[in-house]
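Numbering (the UniProt record's numbering), first residue to last: 1 to 398. Quick reminder that beta carbons are idealized off the backbone N, C-alpha and C, glycines included. Just below is one structure, and these are the notes that go with it.
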């Protein structure tokens, strides 16, 4: 039986720090051509450094190049594929035939993106003949259909989304944002019209009473309660959505699915563990949870009618920032300019290349041990891993 890969979404080096203990692979894009157009941290200029860090952490690096390409985009795509090959990217995630041909010519492994809407075994085998190592299946398939497909495709790997935001349209190929706002979701600029409030009226302009105002706001996918079903279906890679999410989201989601998969294979999976993992997943950004199409087409319970934003009751609270880090001592001096802290409190360090969670075991002010420190004080704290000057420091609150 296949032990599935856990694949995390990352947007910067901090995401790698968050993934390194739990994921087997990460996926990302470069700012030059991205389905997440607002992300600017990973570029062709720093791709080599980023991929080296992935491999240092024993993470496979998958570069997504799956936006719609026009004539003027082809030279950029070629440049990205060439660079990806040079720096050792483990695979590119593609679906446009031009980019598939570029990947074939560069002899770089490629996966077929969910944008290709692969929904049957014959289509999967077509891409296999082209040289694809893996297909990311359409999100609209049931577990039964996935299992049937897997039996037909031999050693072709299959990947599915197991957690995160779901697009209202088929496999994410939405035209509504482009139609309403001139911002193409297929080019990475989705304005998320599905997350907005709407009023339903009849042909005479009379308002119709409805349950809520968010008619198209899909709940997030969450399959943590069904990990055994995913494994027995033969899925090779569990993909977590969320390339725009913060490092804490990346860490919590990867850890939950890593521990669930390990528990299944170690025969230590219990109902209480699943409850705990789901509670953890509820503590990070979510719009409520559903199982998507895995057990059949979603009904109205798959829509969050009353709210389109984060339902998590756990919030990050800014405490201050790192003023200096003494690497030989593993000590950071922190200016708690927003709130004070005390021994035993959990804090989170975040920066472009930093993510660390720890409890405060000891701290000093002017060389003297203290049990607590007030707002505005400069405090020395031993850290569990390196941090950087300017990294922000948070705590969690309900």
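Per DSSP, what kind of secondary structure is residue i in: helix, strand or coil?
i	result
residue 237	strand
residue 230	helix
residue 104	helix
residue 394	strand
residue 157	strand
residue 385	coil
residue 399	In the structure as shown, the chain starts at 1 and stops at 398, and residue 399 therefore has no counterpart that could be examined.
residue 45	coil
residue 126	helix
residue 174	coil
residue 97	helix
residue 193	helix
residue 27	strand
residue 333	strand
residue 340	coil
residue 204	coil
residue 247	helix
residue 169	coil
residue 355	strand
residue 75	helix
residue 274	helix
residue 345	coil
residue 32	coil
residue 309	coil
residue 255	helix
residue 140	coil
residue 17	helix
residue 289	strand
residue 265	helix
residue 219	coil
residue 302	helix
residue 50	helix
Which whole-angstrom value is the C-beta distance of residue i and residue j, which I expect to be below 8 Å?
i	j	result
residue 217	residue 308	4 Å
residue 331	residue 383	7 Å
residue 62	residue 27	4 Å
residue 138	residue 118	6 Å
residue 302	residue 290	4 Å
residue 235	residue 254	In fact, because the Cβ distance is near 16 Å, the residues do not count as touching under 8 Å.
residue 221	residue 295	Actually they are not in contact, since the Cβ atoms of residue 221 and residue 295 sit about 12 Å apart, beyond 8 Å.
residue 263	residue 273	6 Å
residue 81	residue 108	7 Å
residue 268	residue 345	In fact, because the Cβ distance is near 31 Å, the residues do not count as touching under 8 Å.
residue 151	residue 158	That pair is no contact at about 11 Å.
Check this for me: beta carbons of residue i and residue j, under 8 Å apart or not?
i	j	result
residue 360	residue 348	no
residue 188	residue 34	yes
residue 11	residue 248	no
residue 113	residue 100	no
residue 209	residue 260	no
residue 125	residue 153	yes
residue 293	residue 141	yes
residue 381	residue 343	no
residue 353	residue 14	yes
residue 319	residue 393	yes
residue 146	residue 4	no
residue 130	residue 229	no
residue 133	residue 91	yes
residue 64	residue 29	yes
residue 87	residue 48	yes
residue 306	residue 214	yes
residue 339	residue 375	yes
residue 76	residue 32	yes
residue 219	residue 304	yes
residue 115	residue 171	yes
residue 285	residue 245	yes
residue 251	residue 355	yes
Measuring alpha carbon to alpha carbon, tell me which of the options ends up nearest residue i.
i	options	result
residue 389	327, 228, 303 and 286	327
residue 156	256, 180 and 123	123
residue 110	135, 151 and 251	135
residue 351	41, 241 and 336	41
residue 58	44, 16 and 274	16
residue 270	224, 6, 51 and 166	224
residue 55	77, 82, 19 and 44	19
residue 325	184, 233, 387 and 341	387
residue 300	102, 281 and 211	211
residue 44	121, 78, 120 and 265	78
residue 365	345, 358 and 341	341
residue 71	50, 96 and 53	96
residue 165	233, 288 and 52	288
residue 1	265, 121 and 179	265
Checklist entry - Do three or more CB pairs link the region 199 to 207 to the region 159 to 177 at distances below 8 Å? => result Touching, no, given that fewer than three Cβ pairs across the two stretches are closer than 8 Å.
Next on the checklist: Closer than 8 Å is the cut-off here; do at least three beta carbon pairs connect the region 369 to 376 with the region 299 to 313?
Outcome noted: Output reads no: the region 299 to 313 does not touch the region 369 to 376.
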